[in-house]
Amino acid sequence: MKIGILTQPLRANYGGILQNYALQQVLKQMGHEVWTIDYGKFTWIDWVDNVWRVLAHKMLGHKARFAITPPEKDKIEAPLRRFAENNILLTIPRCKRFNKKVIRKYGFNALIVGSDQVWRPMYNYYIKDCFLSFVSHINIKRVAYAASFGTDKWEFTQQQTEQCAVLAKRFDGISVREKSGVVLCNKYLGVNATHVLDPTLLMKSQDYIKLCSHISKREPFIFAYVLDENEEKRKSIVDFAERRGLPYFIKGADNTVSYDDTIELWLSYFRDAAFVVTDSFHGTAFSIIFNKDFYVFGNEKRGNSRFDSLLETFDLKDRMVSNVLPEEIENIDWAKVNEKRETAITNSKLWLKQNL
275 MKIGILTQPL RANYGGILQN YALQQVLKQM GHEVWTIDYG KFTWIDWVDN
325 VWRVLAHKML GHKARFAITP PEKDKIEAPL RRFAENNILL TIPRCKRFNK
375 KVIRKYGFNA LIVGSDQVWR PMYNYYIKDC FLSFVSHINI KRVAYAASFG
425 TDKWEFTQQQ TEQCAVLAKR FDGISVREKS GVVLCNKYLG VNATHVLDPT
475 LLMKSQDYIK LCSHISKREP FIFAYVLDEN EEKRKSIVDF AERRGLPYFI
525 KGADNTVSYD DTIELWLSYF RDAAFVVTDS FHGTAFSIIF NKDFYVFGNE
575 KRGNSRFDSL LETFDLKDRM VSNVLPEEIE NIDWAKVNEK RETAITNSKL
625 WLKQNL
């Protein structure tokens, strides 16, 4: 079967790119031909539109941030885009929005929406596109795999809810990344959904180690992957590392990617870390994949339900903390976690096969 994947733009986002890579790999292993629809190119028209929007917000007394220019954005995206272009089969050319032309050009038999926060309006201006509004009159299989709302609160407008509820009912199968998403689908979209694993968790640590095998191993250290850093978190991380007599490395948000950063380098940090501290969903996921003891700072701003669901799946809810890390470490029973993960992998892959 020829399958097209719709996800968030593959920009400077480690987890976003790797979840797409993982889903494509799993589908290929099932015998399908798979492409990811490459969209979301930032143009000068988008920049001008952003400037006008920011000015309007500032005139109303709201906080707003100007977008960087397209050349600056391309420079930031370049290191991580290289991984996507070298390891993920992308449609050509990169389009500004999903459209029928690319569906017809590649002759897709099915479209899969997911994973990442594809169903969160605040991260997706064209939310209807991710409910496949642009193929409403095309005979094609529609599947959502591990689609995420990012939160347990309903953020759609009334109009978006009505429109997306109609579109959701046309799907052949819907699965979501968070257990709260099952409730939201039923309550607001009027459809049944199944809870499955994020695509990154469907692959083994060895699969990711192969990608970074050319990077030399480091001495044990504390790896802190923190998207929303503040002084309290930083002090807690430094104190935590000092108590254990280990060096530490704090890496910030995705949009601070430097030209020397790569997906492979990021993976090697998890491979070599003695312990991980994070406030990122995929930082937590890769800690689990690599069997690294970890703590996760709650991240209400970005959506705590994502962590709640992931941690609950593996009986790890005690790994979520406030901005202060515990003085004593309780080691994770990885044999127990891995057993649960194997079961979840089997169920998630079975759901995918059955709905394709």
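Oh and the sequence shown: position 222 is 496 in my numbering, straight run, nothing missing. The beta carbon of each residue, even a glycine, is placed where N, CA and C say it ideally should be.
- Task: Name the residue from 525, 446, 291, 539 whose alpha carbon lies nearest to the alpha carbon of residue 362.
- Result: Locating residue 362 in the sequence shown gives position 88, where the first residue counts as 1. Ranking 525, 446, 291, 539 by Cα distance to residue 362 puts 291 first.
- Query: Is DSSP giving residue 469 helix, strand or coil here?
  - Reply: By 1-based counting over the sequence shown, the position of residue 469 is 195. Reduced to three states, the DSSP call for residue 469 is strand.
- Item | Where residue 329 falls, given that 16 or more other Cβ within 10 Å makes a residue buried | Indexing the sequence shown from 1 puts residue 329 at position 55. With fewer than 16 other Cβ atoms within 10 Å, it is exposed.
- Sequence-distant residues of its chain with Cβ nearer than 8 Å to residue 345 (five each side left out): For this step, residue 345 is matched to residue 71 along the sequence shown. The answer is none, since no qualifying residue turns up.
- Task: Assign residue 473 to one of two classes, buried (16 or more other C-beta atoms within 10 Å of its C-beta) or exposed (fewer than that).
- Result: Reading the sequence shown from its first residue, position 199 is the one you call residue 473. When all chains shown are included, residue 473 counts as buried.
- Is the segment 502-522 touching the segment 557-567, taking contact as three or more C-beta pairs under 8 Å? no
- When we look at the beta-carbon of residue 542 and count the other beta-carbons within 10 Å, is it buried (16 or more) or exposed? In the sequence shown, the residue the question calls residue 542 occupies position 268. That one is buried.
- Message: Let me check one thing: in DSSP terms, what residues is residue 496 bridge-paired to?
- Response: The residue labelled residue 496 in the question sits at position 222 within the sequence shown. Answer is 522, 549.
- Cross-strand partners of residue 569 (DSSP beta bridge): Stepping through the sequence shown from its first residue, residue 569 is reached at position 295. The partner list for residue 569 (beta bridge, DSSP) reads 551.
- Message: In this structure, how does DSSP classify residue 396 when only helix, strand and coil are distinguished?
- Response: On the sequence shown, position 122 is the one that residue 396 refers to. Helix.
- Task: Classify residue 416 as helix, strand or coil using the three-state DSSP reduction.
- Result: For the purposes of this step, residue 416 is identified with residue 142 of the sequence shown, where counting begins at 1. Here residue 416 sits in strand by DSSP.
- Message: Output needed for residue 314: all residues of its chain with C-beta closer than 6 Å, excluding positions within five of it in sequence on either side, in chain order.
- Response: On the sequence shown, position 40 is the one that residue 314 refers to. 283, listed in sequence order.
- Message: Quick check on residue 490: does DSSP put it in helix, strand or coil?
- Response: Taking the first residue of the sequence shown as 1, we reach residue 490 at position 216. Note: residue 490 maps to coil in three-state DSSP.
- Message: With the cut-off set at 7 Å, would you say residue 381 and residue 417 are in Cβ contact?
- Response: The count along the sequence shown starts at 1 and reaches residue 381 at position 107. The count along the sequence shown starts at 1 and reaches residue 417 at position 143. No, the pair does not count as a contact, with Cβ atoms beyond the cut-off.
- Message: Could you tell me the alpha carbon to alpha carbon distance between residue 373 and residue 385, rounded to whole angstroms?
- Response: Translated into positions along the sequence shown, residue 373 becomes position 99. Translated into positions along the sequence shown, residue 385 becomes position 111. Residue 373 and residue 385: Cα-Cα distance of roughly 12 Å.
- In or out: residue 469 buried (at least 16 other Cβ within 10 Å) or exposed? Working through the sequence shown from its first residue, we reach residue 469 at position 195. Under this definition residue 469 is a buried residue.
- Message: Taking only three categories from DSSP, how would you classify residue 290?
- Response: As a first step, residue 290 is located in the sequence shown; it is residue number 16 there, counting from the start. Of the three classes helix, strand and coil, the one that applies to residue 290 here is helix, per DSSP.
- Message: Quick check on residue 351: buried or exposed, where buried means 16 or more other Cβ atoms within 10 Å of its Cβ?
- Response: Translated into positions along the sequence shown, residue 351 becomes position 77. Flag for residue 351 reads buried.
- Query: Counting pairs of Cβ atoms below 8 Å between the segment 434-450 and the segment 401-416, do you hit three or more?
  - Reply: yes
- Task: Determine the contact status of residue 555 and residue 593, defining contact as a CB-CB distance below 7 Å.
- Result: Here the question's residue 555 lines up with position 281 in the sequence shown. Here the question's residue 593 lines up with position 319 in the sequence shown. No, they are not a contact pair.
- Which residues in the same chain have their Cβ closer than 6 Å to the Cβ of residue 569, if we skip the five residues on either side of it in sequence? Counting from one through the sequence shown, the residue named residue 569 turns up at place 295. Result list for residue 569: 551, 593, 595, 599, in chain order.
- Task: Identify every residue that forms a DSSP beta bridge with residue 421.
- Result: Taking the sequence shown and counting its residues from 1, the one referred to as residue 421 is at position 147. Per DSSP, 450.
- Task: Tell me whether the beta-carbon of residue 585 lies closer than 7 Å to the beta-carbon of residue 296.
- Result: Looking up residue 585 in the sequence shown gives position 311. Looking up residue 296 in the sequence shown gives position 22. Result no, Cβ atoms of residue 585 and residue 296 do not sit closer than 7 Å.
- By the 10 Å Cβ neighbour count, where 16 or more other Cβ atoms means buried, how is residue 632 classified, buried or exposed? Lying outside 275 to 630, the shown extent of the chain, residue 632 is not represented and no answer is given.
- Query: Looking only at C-alpha atoms, which of 440, 309, 306 sits nearest to residue 402?
  - Reply: Taking the sequence shown and counting its residues from 1, the one referred to as residue 402 is at position 128. For residue 402, the nearest C-alpha among the options comes from 440.
- Task: Would you identify the three-state DSSP class for residue 381, choosing helix, strand or coil?
- Result: Mapped onto the sequence shown, residue 381 falls at position 107. If DSSP states are grouped into helix, strand and coil, residue 381 belongs with coil.
- Task: Would you check if the distance between the CB atom of residue 553 and the CB atom of residue 573 is smaller than 7 Å?
- Result: The count along the sequence shown starts at 1 and reaches residue 553 at position 279. The count along the sequence shown starts at 1 and reaches residue 573 at position 299. Their beta carbons are under 7 Å apart, which means residue 553 touches residue 573 by this criterion.
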